[in-house]
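What follows is a set of notes on a single structure, which appears directly below.
In this note's numbering, the protein residues as written are 1 to 147.
Next up, the structure:
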């Protein structure tokens, strides 16, 4: 059995892909994995539109400022600015995790997830090599021109 990657969060061998979290350990047979792909989870991107929408709403409410006192206008503009700042912090505050997904026994499965790009790339490269090395050798049919 060849080991492609061994770390705290994952182990990739020629036969198994093992994912470890703080609560569970899950093992997948490499030969049964299909359609393995890399995606980005948009956790931070989901909250930013709410903050941005709040800022736009505050500006819409503050639009008829000529009818408001100067103190009220400053408060409403401050709230709109706060909403815009919170939207920017939500977009930049947390790194979006990289996700390794695939089909395992006919069902979609999250194989690995990490915000550390270096570790994620090492794990995904190791799994790619394990899958490629596990393929059966190409069948020679004698029809190829290079012999």
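Just so it is clear, CB atoms sit at the ideal spot from N, CA and C, and this is done for glycine as well.
Under 7 Å between C-beta atoms of residue i and residue j
| i | j | result |
| --- | --- | --- |
| residue 102 | residue 36 | yes |
| residue 106 | residue 31 | no |
Where the alpha helix (DSSP H) containing residue i begins and where it ends
| i | result |
| --- | --- |
| residue 118 | 117 to 133 |
Beta-carbon proximity list for residue i, same chain, < 6 Å, skipping 5 on both sides
| i | result |
| --- | --- |
| residue 160 | The displayed coordinates of the chain run from 1 to 147. Any statement about residue 160 would go beyond what the structure contains. |
| residue 9 | 20 |
| residue 18 | 11, 27 |
Span of the beta strand (DSSP E) around residue i
| i | result |
| --- | --- |
| residue 5 | 3 to 6 |
| residue 30 | Per DSSP, residue 30 belongs to no beta strand (DSSP E) and is neither H nor E. |
| residue 41 | No beta strand (DSSP E) holds residue 41; DSSP gives it neither H nor E. |
Of the listed residues the options, nearest to residue i (C-alpha basis)
| i | options | result |
| --- | --- | --- |
| residue 22 | 113, 74, 135, 120 | 113 |
| residue 26 | 41, 109, 134 | 109 |
| residue 83 | 15, 53, 1 | 53 |
Secondary structure of residue i, DSSP reduced to three states
| i | result |
| --- | --- |
| residue 106 | coil |
| residue 20 | strand |
| residue 114 | strand |
Close beta carbons around residue i, own chain, < 8 Å, minus the five adjacent residues each side
| i | result |
| --- | --- |
| residue 122 | 5, 7 |
| residue 147 | Because the pLDDT of residue 147 is 47, which lies under 50, any placement of that residue in the model is unreliable, and the number read from its coordinates should be weighed accordingly. So no residue of the chain qualifies. |
| residue 99 | 38, 39, 40, 41, 110, 112, 113 |
| residue 1 | 13, 14, 15 |
Same chain only: Cβ atoms within 7 Å of residue i, ignoring 5 sequence neighbours per side
| i | result |
| --- | --- |
| residue 104 | 28, 32, 33 |
| residue 124 | 38, 100 |
Residue i at chain C interface by Cβ criterion, 7 Å
| i | result |
| --- | --- |
| residue 19 | The chain labelled as chain C is not found in the depicted structure, where only one protein chain is given. |
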